[in-house]
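K.L.:
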Amino acid sequence: MAKQDTTGARAVKIAVFLIAALLLFAPFLFQDVRALEVAARICIFIVLVASYDLLIGYTGIVSFAHTMFFGFGSYGAAIALKQMGPGWDAVALGALAGAAVSLVVAVAIGLVSLRVKAIFFAMITLAAASVALVLASQLSHLTGGEDGITYRAPDLFKPATKLLTDADGKVVEWFGVKLNGKIAAYYFVFTSALILFAVMFRLTVSPLGTVLVAIRENEARAEAIGYRVVAYRTFVFCASALVASLAGSVYAVWLKYTGPDTALSFAIMIDILLMVVIGGMGTMWGAVVGAVLMVMAQYYLRDLMGAASEALAGVPLLPDLLNPDRWLFWLGIIFILLVYFFPKGIVGTIMQKGART
Amino acid sequence: MSLLSLEDVRTDIGQYAVLHCISLEVPEGGVFVLLGRNGAGKTTTLRSIMGLWRPKAGAIRFQGEVISGLHTAEIARKGIAYVPENMGIFGGLTVEENLVLATEKGKFDPDRLARIYGLFPALEQFWTKQAWSLSGGQKQMLAVARAIVEPRALILIDEPTKGLAPSIVAAMAEAFRDIARTTTILLVEQNFHFAKSLGRDMAVIEDGRVVHSGTMAGFAADAELQNRLLGLAT
Amino acid sequence: MDRLAEQIGRFGGVNLLPVALALVAFVLIGAPSSWVTLTVAGLAMGLMVFLMASGLSLVFGLMDVLNFGHSAFISFGAFVAASVLIALNHWLVADSVILNALALAFAFIAAIGFGLVAGWLFETIIVRPVYRDHLRQILITMGALIVSEQVILAIWGGTPVTVPRPHFLEGSWIIGDVSIEVYRGFAFVLGALIFVGLHFLLNRTRIGLLIRAGVENREMVESLGFNIDRLFIGVFMLGSALAALGGAMWAGYETLITPALGGEMMIIVFIVVIIGGLGSIRGTLLGAIIVGLTANYVGYLAPKLALASNMILMMAILMWRPKGLAPAVK
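Residue numbers (the numbering used here), protein chains in the order written: chain A, 233 to 589; chain B, 9 to 242; chain C, 9 to 338.
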């Protein structure tokens, strides 16, 4: 790349590198269960948000079906693990089945509706996602309905598994952390996320990424130059669906539970939207920053709001709005303000700042 | 004082400057013809006058009053009518509804209606038909009729003869001559013979700039100039 | 084949679709009395959904703005009406039809009033700054939907609210072995009246003429000297008020409402406007009635398929007519 980075862009890259380092050493840096849970969730959501950004940021298509694909992957792995018992064959088969369903559905939706206006596409994906949600709760013999499915992950990931043993057969500790199955599970999540992210990043800097941006900027012109816009869009839609589906499978293995709330609910879709807008559309780095901020907020902001709500008891309506359950209210407002004033999100805005050096 | 004047008007569409520096003086009365090659900025000039694109710089005055920056609807109410290149017919509305929409109070002035019927008899015949079912020529007649339903000081007409049969072009020329007796017409036209037969004054636009202006009689007599500016073989 | 198509066209073309649907259902259901009950229920639902969807469709047609927050008006309408009805419960239980009806009227008026004010606020604060920018439009209206839903949760809580009905709308009419719920009949009549009113407004008034013209070509309407932004605010407010009224009627129909109502109806409303064709009132009515009938027939014949049926219907119609059944002329 001949283009020089701005100081802002460099700052962003340093931040992303720091985040990556923190995630890599998370089990050793933050030694409590909740922190590891947060780190794994961040890994998964970085992939999920990046794959969504591939769609919204690089091609300007708004889909509300992204959680649906995430859900296909999750439920695929979950059902396979439940029916076949814990094992890598179940994980592989489930992930493949989920990916296959995602691909078929994505191609069907893409071919029917990517020809029409962006707005139609948004509506159709919204309708499709809601049908998937209804199906998941109705096919309860397979999906466990509203309760979801609990199952066991492959043995390697059991907390009792000893990755390294010393001479006495006791599990080895590094920096005071036992090298058990939990660590293995985390690094499974981390590595999968890293690979998926790298693949997507490669895609955006390839000639394909340039074509996508050209289509987003001026569809008519791209069409006139000879790019088959519908084909490209369908391809990106499928690719992003595929990544979301795989991320879902990985998350299902980590959580050992899959239900509408963790894999399919519209709340996740809203989370993804918020992350992509907060981080910044059209840049993979934005996905990283957005996912980190939002997941942290989800876990830690609620505590803060609970305290604020109690402090304001007696004031009308405010305590209700500061109730930890109402945290989406505030995020919604932040979201609207961001779309108004910083449509490029945090990363996009920062990357423009500073002189090119 | 001229009816309409453009001073150094610059209009951007998106990030591209389409009009660089347009200065025009359109005197009152008669037909003023705007010539130029495809993509020179003729349509953009009309749209800038109408407020459909906001000029970035420069001023547009109509009857001495600055109108650039006003809302399109306000500009229209000052007495400017616009007949766009695609005619802007409401296809789902009947001929009558298309015309009644252009009246100020929802009622026709009988004299004006009689004049429209006189100029374009086809419109009376298809009065209750939906406009999409009209032929191209009839649609153009409807678009022009809509511009004269109320008294206007200026009518902007964009390429009215495009794709029309010669007989209809002749009828259109007749109608324009009649309209120009009471109303100034600013005409964008590619059909030079049509333009020559109507125009009193004219200007040529090239790459967003006015490169020539003068009388039509003078321009029509100067074959070398025509060839240089319009690429017309004479 | 062409002649057949022509014959169908002469008798109303796509408008015959609901009739065809009803006929097929008649054969499948077999029992005429159940069929009548279901058809009435479907029509009542269709007209309520029409109220909810009409504004969305018109606003899109006129300004190319698709408001993903539209369902907030439906939910708020339902909850505002429910609160008024609960507050006026002593009128509802009074032994006077006039007091009963007054309570209902107040509930509906409150919903409509709310819709008008909220519509105005929504248009000026949320939608105006992002005209002509679809991506940000979708995002911002979605953000507004999130905030509205949270406000509903903060005010009314997450537990279901029971909506009292006026006494005279309780029960059913029994004609032979056919029973028709009174409220459904009422919803049908009110919805039909509003459709007629809207139809009159659009086709017989100057404002309607402007709206129809604006849906086709707003630049030209402005070039004729009309300020379409002002017209748009009016349409937006009208659409919000109709959605709120639809929500209020729906609250009385369901009698038990939860904050999830908006989201559920939104899907149906989207399917309706996609099926009918965005921007046309006639198309919206057609789509709403088809969806209402399908939901009720399928709900009876194959309850498990009820929700998916509308989705399948939408896909099928989109394959057949990508712009919907009766789109506005563009």
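A virtual CB, placed ideally from N, CA and C, is assigned to each residue, including glycine.
1. With a cut-off of 8 Å, does the C-beta of C:Gly233 fall near any C-beta of chain B?
2. Below 8 Å between beta carbons: does that hold for A:Ala272 and A:Trp517?
3. Which same chain residues end up closer than 6 Å to C:Trp164 when comparing Cβ atoms and leaving out the 5 residues on each side of it in sequence?
4. Does the segment 55 to 66 of chain C touch the segment 271 to 284 of chain C, meaning 3 or more C-beta pairs lie closer than 8 Å?
5. Helix, strand or coil for B:Ile21? Go by DSSP, reduced to three states.
6. So, for A:Met507: in the same chain, excluding its five sequence neighbours on each side, which residues have a beta-carbon less than 6 Å away from its beta-carbon?
7. C:Asn225 touches chain B at which residues, Cβ-Cβ below 7 Å?
8. List the whole-angstrom C-beta distance separating B:Gly49 from B:Arg18, where the pair is believed to meet the contact cut-off of C-beta under 8 Å.
9. Applying the 10 Å Cβ sphere with the 16-neighbour rule, what's the burial state of B:Thr80?
10. Exposed or buried, which one is B:Leu234 when buried takes at least 16 other CB atoms within 10 Å?
11. Short of 8 Å in beta carbon distance, which residues of its chain neighbour C:Ile146, apart from the five on each side in sequence? Order them along the chain.
12. How is C:His175 classed by DSSP in three states: helix, strand or coil?
13. Please state if the CB of C:Pro335 and the CB of C:Gly287 are separated by a distance shorter than 8 Å.
14. Given that a residue counts as buried once 16 or more other Cβ atoms are within 10 Å of its Cβ, and exposed if not, what is C:Pro267?
15. For A:Val462, return the contacting residues in chain C, with the cut-off set at a CB-CB distance below 7 Å.
16. Report yes or no: do three or more beta-carbon pairs, one from the segment 464 to 471 of chain A and one from the segment 301 to 319 of chain A, lie closer than 8 Å?
17. B:Phe134 lies in the alpha helix (DSSP H); which residues open and close that run?
18. Who are B:Met210's beta bridge partners in DSSP?
19. Taking C-beta to C-beta, are C:Gly54 and C:Val204 nearer than 8 Å?
20. By the 10 Å Cβ neighbour count, where 16 or more other Cβ atoms means buried, how is C:Val105 classified, buried or exposed?
21. Between the segment 52 to 86 of chain C and chain B, which residues of the former have a C-beta closer than 7 Å to a C-beta of the latter?
22. CB-CB under 6 Å to B:Thr169, same chain, minus the five flanking residues each way: which ones, in chain order?
23. Taking the runs of the beta strand (DSSP E) that are 3 residues or longer, which of them lie wholly in the segment 118 to 184 of chain B?
24. Check the Cβ of A:Arg558 against every Cβ in chain C and list those closer than 8 Å, keeping chain order.
25. Name the one or two DSSP bridge partners that B:Arg85 has.
26. Compare the C-alpha of B:Val75 against each of B:Lys64, B:Gly59, B:Ala89 and name the closest.
27. Would you decide whether B:Arg154 is buried or exposed? Buried here means 16 or more other CB atoms lie within 10 Å of its CB.
28. If contact is defined by three or more beta carbon pairs under 8 Å, each pair taking one atom from either stretch, is the segment 293 to 306 of chain A in contact with the segment 498 to 515 of chain A?
29. For a quick check, are the C-beta atoms of A:Ser345 and A:Ala473 less than 8 Å apart?
30. Thinking C:Gly187 and C:Thr45 are a contact (beta carbons under 8 Å), I'd like their distance in whole angstroms, please.
31. Does the distance from the C-beta atom of B:Ala139 to that of B:Thr111 stay below 8 Å?
32. Select from the segment 125 to 155 of chain C all residues with a C-beta closer than 7 Å to any C-beta belonging to chain A, and list them in chain order.
33. I'd like the span of the alpha helix (DSSP H) that includes C:Ser79, first residue to last.
34. Enumerate in chain order the residues of its own chain whose CB-to-CB distance from A:Pro391 is below 6 Å, with the five nearest sequence positions on each side excluded.
35. Measuring only the C-alpha atoms, how far is A:Phe352 from A:Ala452?
36. Keeping to the same chain, check which residues put their C-beta closer than 7 Å to that of C:Gly291; ignore five residues upstream and five downstream.
P.N.:
On the basis of the coordinates in this document:
1. The residue labelled residue 233 of chain C in the question sits at position 225 within the third sequence. Yes, its Cβ sits closer than 8 Å to a Cβ of chain B.
2. By 1-based counting over the first sequence, the position of residue 272 of chain A is 40. By 1-based counting over the first sequence, the position of residue 517 of chain A is 285. In this structure, A:Trp517 does not lie closer than 8 Å to A:Ala272 by Cβ.
3. Residue numbering aside, residue 164 of chain C sits at position 156 when the third sequence is read from its first letter. Once the five neighbours on either side are set aside, the close Cβ partners of C:Trp164 are Phe87.
4. yes
5. Translated into positions along the second sequence, residue 21 of chain B becomes position 13. Note: B:Ile21 maps to strand in three-state DSSP.
6. Along the first sequence, read from residue 1 onward, the residue named residue 507 of chain A stands at position 275. Result list for A:Met507: Val281, Gly522, Ala523, Met526, in chain order.
7. Within the third sequence, residue 225 of chain C is the residue found at index 217, counting from 1. Simply Gly96, Phe98.
8. Here residue 49 of chain B corresponds to residue number 41 of the second sequence, with the count starting at 1. Here residue 18 of chain B corresponds to residue number 10 of the second sequence, with the count starting at 1. Between B:Arg18 and B:Gly49 the Cβ distance is about 11 Å, and since that is not below 8 Å, they are no contact.
9. As a first step, residue 80 of chain B is located in the second sequence; it is residue number 72 there, counting from the start. Classification for B:Thr80: buried.
10. Here residue 234 of chain B is taken as the residue at index 226 of the second sequence, counted from 1. Reading off the sequence shown, one finds Gln at residue 234 of chain B, where the question assumed Leu. Classification for B:Gln234: buried.
11. If you number the third sequence from 1, residue 146 of chain C lands on position 138. If we look at C:Ile146 and ignore the five residues flanking it on each side, its Cβ neighbours are Leu74, Phe76.
12. Translated into the one-based positions of the third sequence, residue 175 of chain C becomes position 167. Reduced to three states, the DSSP call for C:His175 is helix.
13. Walking along the third sequence from the start, residue 287 of chain C turns up at place 279. Walking along the third sequence from the start, residue 335 of chain C turns up at place 327. Yes, they are a contact pair.
14. To locate residue 267 of chain C, count along the third sequence from 1; it is residue 259. Classification of C:Pro267: buried, given that the 10 Å Cβ count is 16 or more.
15. As a working mapping, residue 462 of chain A is identified with position 230 in the first sequence. Neighbours of A:Val462 on chain C: none; closest Cβ ~13 Å, over 7 Å.
16. no
17. The residue given as residue 134 of chain B occupies position 126 in the second sequence. Looking at the DSSP string, B:Phe134 is not in any alpha helix (DSSP H), and its letter there is neither H nor E.
18. In the second sequence, residue 210 of chain B corresponds to position 202, counting from 1. Beta-bridge pairing links B:Met210 to B:Val41, B:Gly222.
19. In the third sequence, the residue the question calls residue 54 of chain C occupies position 46. In the third sequence, the residue the question calls residue 204 of chain C occupies position 196. Their beta carbons are not under 8 Å apart, which means C:Gly54 does not touch C:Val204 by this criterion.
20. Translated into positions along the third sequence, residue 105 of chain C becomes position 97. Exposed, since its Cβ has fewer than 16 Cβ neighbours within 10 Å.
21. none
22. Residue numbering aside, residue 169 of chain B sits at position 161 when the second sequence is read from its first letter. These residues qualify, in order along the chain: Val177, Asn199, Phe202.
23. 162 to 166
24. For the purposes of this step, residue 558 of chain A is taken as the residue at position 326 of the first sequence. Simply Gln158, Leu161, Ala162.
25. For this step, residue 85 of chain B is matched to residue 77 along the second sequence. DSSP lists no partner for B:Arg85.
26. The count along the second sequence starts at 1 and reaches residue 75 of chain B at position 67. Checking the sequence, you will find Ile at residue 75 of chain B rather than Val. Nearest option by C-alpha distance: B:Gly59.
27. The count along the second sequence starts at 1 and reaches residue 154 of chain B at position 146. B:Arg154 is buried by the Cβ-count criterion.
28. yes
29. The residue labelled residue 345 of chain A in the question sits at position 113 within the first sequence. The residue labelled residue 473 of chain A in the question sits at position 241 within the first sequence. For A:Ser345 and A:Ala473, no; Cβs fall outside 8 Å.
30. By 1-based counting over the third sequence, the position of residue 187 of chain C is 179. By 1-based counting over the third sequence, the position of residue 45 of chain C is 37. The displayed chain sequence assigns Ser, not Gly, to residue 187 of chain C. Rounded, the Cβ-Cβ distance is 6 Å, consistent with contact.
31. Within the second sequence, numbered from 1, the residue matching residue 139 of chain B stands at position 131. Within the second sequence, numbered from 1, the residue matching residue 111 of chain B stands at position 103. No, these two residues do not count as a Cβ contact at 8 Å.
32. Pro137, His142, Leu143, Arg144, Ile146, Leu147, Ile148, Met150, Gly151, Ala152, Ile154, Val155
33. Taking the third sequence and counting its residues from 1, the one referred to as residue 79 of chain C is at position 71. Start and end: 78 to 95.
34. Here residue 391 of chain A refers to the residue found at position 159 of the first sequence. For A:Pro391, where only same-chain residues beyond five positions count, the Cβ hits under 6 Å are Asn412, Gly413, Lys414.
35. Translated into the one-based positions of the first sequence, residue 352 of chain A becomes position 120. Translated into the one-based positions of the first sequence, residue 452 of chain A becomes position 220. For A:Phe352 and A:Ala452, the distance between alpha carbons rounds to 18 Å.
36. If you number the third sequence from 1, residue 291 of chain C lands on position 283. Cβ within range, chain order: Gly284, Gly285, Gly332, Leu333, Ala334, Pro335.
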